[in-house]
Amino acid sequence: KQEVTQIPAALSVPEGENLVLNCSFTDSAIYNLQWFRQDPGKGLTSLLLIQSSQREQTSGRLNASLDKSSGRSTLYIAASQPGDSATYLCAVRNSGGSNYKLTFGKGTLLTVNP
Amino acid sequence: DGGITQSPKYLFRKEGQNVTLSCEQNLNHDAMYWYRQDPGQGLRLIYYSQIVNDFQKGDIAEGYSVSREKKESFPLTVTSAQKNPTAFYLCATAAGGSSYEQYFGPGTRLTVT
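Structure (structure tokens):
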């Protein structure tokens, strides 16, 4: 059974700092991995999706990498801003019969202090 | 949340009552999903549907029911059999193709007392 772990559970940084959020998964047979952002009391916003054949994806100040063989992904946020404060979730889609479902980590709560 | 709407945003019910949560989409996506989110836990899949008139149980389907009579709509009923229904409920959709990227609605917070 796929399990997704996100470390750290919470992170507080000063504005302007570059930071890395970590995601690990136990079964490397994945189809893709998706990073989301969730603001308090809101739904999830998709940030980046990395296919299993890709090594990284970039969108603005965000860069996500994937090392499928080691079961790891990182989300790099450059020049963090207070508006980046939110919970960040990663989710993997397994390849094979259940490839329509996502398995989620519990998230990293990021606070960027002005 | 784009083209996915969930209503109502907040819902209050007495224990023992069934309640139906609405999810509508205008993205023309084939697949729709219902998740439950509790504090300190990841999202857990309740039900999903890949096409009209077909749906599958997720990891925590007990005490819930769904229907998929139209492509645009995937309502979730929380029955009185659900032991702990108070939670934040999220609906999601996905198009087909190579990515099957999921998109989420704004959520419904259900409180049962």
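So the sequence lines, in the order shown, correspond to chains A and B. Here the numbering used here is used: the first residue of the first sequence is 17, the next is one more, and so on. Here the numbering used here is used: the first residue of the second sequence is 604, the next is one more, and so on. We treat Cβ as the ideally placed atom computed from N, Cα and C, and that holds for glycine.
Quiz item: Whose CA, out of A/77, A/105, A/126 and A/41, lies closest to the CA of residue 93 of chain A?
Solution: Here residue 93 of chain A corresponds to residue number 77 of the first sequence, with the count starting at 1. Per the C-alpha coordinates, the member of A/77, A/105, A/126 and A/41 positioned closest to residue 93 of chain A is A/77.
Quiz item: Does any residue of chain B bring its CB to less than 8 Å from the CB of residue 79 of chain A?
Solution: In the first sequence, the residue the question calls residue 79 of chain A occupies position 63. Not closer than 8 Å to any Cβ of chain B, the Cβ of residue 79 of chain A fails to qualify, so no.
Exercise. Leaving aside the five residues before and after residue 714 of chain B along the sequence, list all residues of the same chain whose C-beta is less than 8 Å from its C-beta, in chain order.
Key: To locate residue 714 of chain B, count along the second sequence from 1; it is residue 111. The answer, listed in chain order, is 613, 614, 615, 616 and 689.
Quiz item: Roughly how far, in whole angstroms, is the beta-carbon of residue 609 of chain B from the beta-carbon of residue 699 of chain B, given that I think they are within contact range, below 8 Å?
Solution: Locating residue 609 of chain B in the second sequence gives position 6, where the first residue counts as 1. Locating residue 699 of chain B in the second sequence gives position 96, where the first residue counts as 1. Wrong, their Cβ atoms sit about 22 Å apart, outside the cutoff.
Quiz item: At which residue ranges does the region 82–123 of chain A contain complete beta strand (DSSP E) runs of 3 or more residues, listed in the order of the chain?
Solution: 88–93, 102–110 and 118–120
Quiz item: At a Cβ threshold of 8 Å, is residue 104 of chain A touching chain B?
Solution: Along the first sequence, read from residue 1 onward, the residue named residue 104 of chain A stands at position 88. For residue 104 of chain A, the answer is no, since every Cβ of chain B falls outside 8 Å of its Cβ.
Quiz item: For residue 604 of chain B, which residues from the same chain have a beta carbon less than 6 Å from its beta carbon, with the 5 sequence-adjacent residues on both sides left out?
Solution: Taking the first residue of the second sequence as 1, we reach residue 604 of chain B at position 1. Reliability fails at residue 604 of chain B, whose pLDDT of 46 lies under 50, so the model's placement of it is uncertain and the value that follows must be treated cautiously. Excluding residues within five positions, the ones whose Cβ falls inside 6 Å are 708 and 709.
Quiz prompt | Residue-chain proximity (residue 121 of chain A, chain B), Cβ-Cβ < 8 Å | solution = Position 105 of the first sequence holds residue 121 of chain A. Judged by the 8 Å Cβ criterion, residue 121 of chain A is in contact with chain B.
Quiz prompt | Buried or exposed (CB count within 10 angstroms, at least 16 for buried), residue 23 of chain A | solution = The count along the first sequence starts at 1 and reaches residue 23 of chain A at position 7. Exposed.
Self-check item: Cut-off 7 Å between Cβ atoms - residues of its own chain near residue 641 of chain B, not counting five sequence neighbours on either side
Solution: Your numbering for residue 641 of chain B matches position 38 in the second sequence. Taken in chain order, the residues that qualify are 690.
Quiz item: Where in the region 625–711 of chain B do unbroken runs of the beta strand (DSSP E), each at least 3 residues long, occur, reported from the N-terminal end onward?
Solution: 634–640, 647–654, 657–660, 667–669, 679–681, 690–697 and 705–707
Self-check item: Inter-residue CB distance, residue 643 of chain B and residue 120 of chain A (contact presumed, cutoff 8 Å)
Solution: Looking up residue 643 of chain B in the second sequence gives position 40. Looking up residue 120 of chain A in the first sequence gives position 104. Between residue 120 of chain A and residue 643 of chain B the Cβ distance is about 13 Å, and since that is not below 8 Å, they are no contact.
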